[in-house]
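Below is one structure, written out as structure tokens, with a few remarks after it.
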Amino acid sequence: MRQQRQPASVTAGAIVLAAGRSSRFGADKRLARLPSGEGILHTVLNNLAAVELPVLLCLKEADIGLPEGTQVRTLISAHAGGGMGATLAEAARHIDQWESTLVVLGDMPWVHPQTYRNVSMHCAAGAIAVPTYAGQRGNPVCFSRTFYPLMRRLGGDRGARSIVDAHPDARVDVDSDDPGVLLDIDTPEDMLQRPT
Numbered sequence: 010m011r012q013q014r015q016p017a018s019v020t021a022g023a024i025v026l027a028a029g030r031s032s033r034f035g036a037d038k039r040l041a042r043l044p045s046g047e048g049i050l051h052t053v054l055n056n057l058a059a060v061e062l063p064v065l066l067c068l069k070e071a072d073i074g075l076p077e078g079t080q081v082r083t084l085i086s087a088h089a090g091g092g093m094g095a096t097l098a099e100a101a102r103h104i105d106q107w108e109s110t111l112v113v114l115g116d117m118p119w120v121h122p123q124t125y126r127n128v129s130m131h132c133a134a135g136a137i138a139v140p141t142y143a144g145q146r147g148n149p150v151c152f153s154r155t156f157y158p159l160m161r162r163l164g165g166d167r168g169a170r171s172i173v174d175a176h177p178d179a180r181v182d183v184d185s186d187d188p189g190v191l192l193d194i195d196t197p198e199d200m201l202q203r204p205t
């Protein structure tokens with residue numbers, strides 16, 4: 010693992026993975042409202058918009074009426090049924106204009122906007138930047154373009170964790186005071202979590 014270094018100036022974008030089935034939630038969790046009254050996916054997109062990152066939002070063919078926002082392109086994934094890895098592989102074919110890419114989970118609404126900026130700024134050429142909170146690795150993870158070919162070969166439901174695990178020397182841990190990097194929403198009860 011590399012030591013954390015001073016942020017590099019890079020052109021970054023974000024892939025938002027939101028093409029899942031929400032099977033454990035029991036309904037479409039992307040539209041479910043948090044205690045704040047804002048929808049889960051809408052919150053994620055607003056937090057990205059606050060740092061003016063361009064976004065590629067991955068949805069499945071059946072999705073309609075889901076929120077979008079400024080600087081958002083939508084990809085209707087033909088491979089969403091193959092799992093998160095398959096969706097990410099498809100999305101990675103549409104990001105050549107970015108020097109690095111944050112992989113953002115559409116069910117993690119408590120990630121602070123500044124966290125997106127900090128992680129992306131630490132993703133220099135050849136690096137994988139990973140936020141850490143209280144010694145635990147979280148999301149979003151940022152991949153420099155070096156890893157795009159590997160991202161395009163992903164499949165199944167494991168996402169890009171296999172790439173991170175296979176390249177420990179490229180990993181840059183970015184210390185964060187944001188507990189939101191560890192909190193996702195899988196069940197209705199998870200919506201009551203309060204980042205501390």
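Heads up, the final residue of the sequence shown is numbered 205 in the working numbering, and it's a clean run with no missing numbers. We put the CB at the ideal spot given by N, CA and C, even for glycine. Quantities reported herein were computed from a predicted structural model and do not represent experimental measurements.
Whole-Å CB distance - residue i paired with residue j, under 8 Å assumed
i	j	result
Leu65	Leu40	That belief does not hold up - the Cβ atoms of Leu65 and Leu40 are roughly 20 Å apart, past 8 Å.
Cys151	Val120	Going by Cβ atoms, the distance from Cys151 to Val120 rounds to 12 Å, so no, they are not a contact pair.
Three-state class that DSSP yields for residue i in the structure shown
i	result
Val64	strand
Ala23	strand
Val190	helix
Phe156	helix
Pro16	Confidence in Pro16 is poor, its pLDDT being 46 and thus under 50, which makes the residue's placement unreliable; the coordinate value appears in the next sentence. Looking at Pro16 - three-state DSSP - the assignment turns out to be coil, as it is neither helix nor strand.
Inter-residue spacing [alpha-carbon to alpha-carbon] between residue i and residue j
i	j	result
Cys67	Gly168	13 Å
Gln12	Ala71	Because the pLDDT of Gln12 is 48, which lies under 50, any placement of that residue in the model is unreliable, and the number read from its coordinates should be weighed accordingly. Those two C-alpha atoms are separated by around 43 Å.
Leu201	Asp116	13 Å
Gly94	Ala59	27 Å
Thr124	Ala87	30 Å
Leu159	Tyr142	27 Å
Ala179	Arg102	22 Å
Leu111	Ala138	9 Å
Candidates the options, of which the one nearest residue i by Cα
i	options	result
Gly92	Thr155, Lys69, Glu108, Trp107	Lys69
His294	His176, Ser153, Leu114	Missing from the structure shown is residue 294; the chain here goes from 10 to 205 and no further.
Gly29	Arg161, Ala101, Lys38	Lys38
Asn56	Glu108, Ala36, Gln80, Phe156	Gln80
Leu43	Pro118, Ser153, Phe156	Pro118
His131	Arg161, Val181, Ala89	Val181
Ser185	Gly90, Thr196, Gly147, Ala175	Gly147
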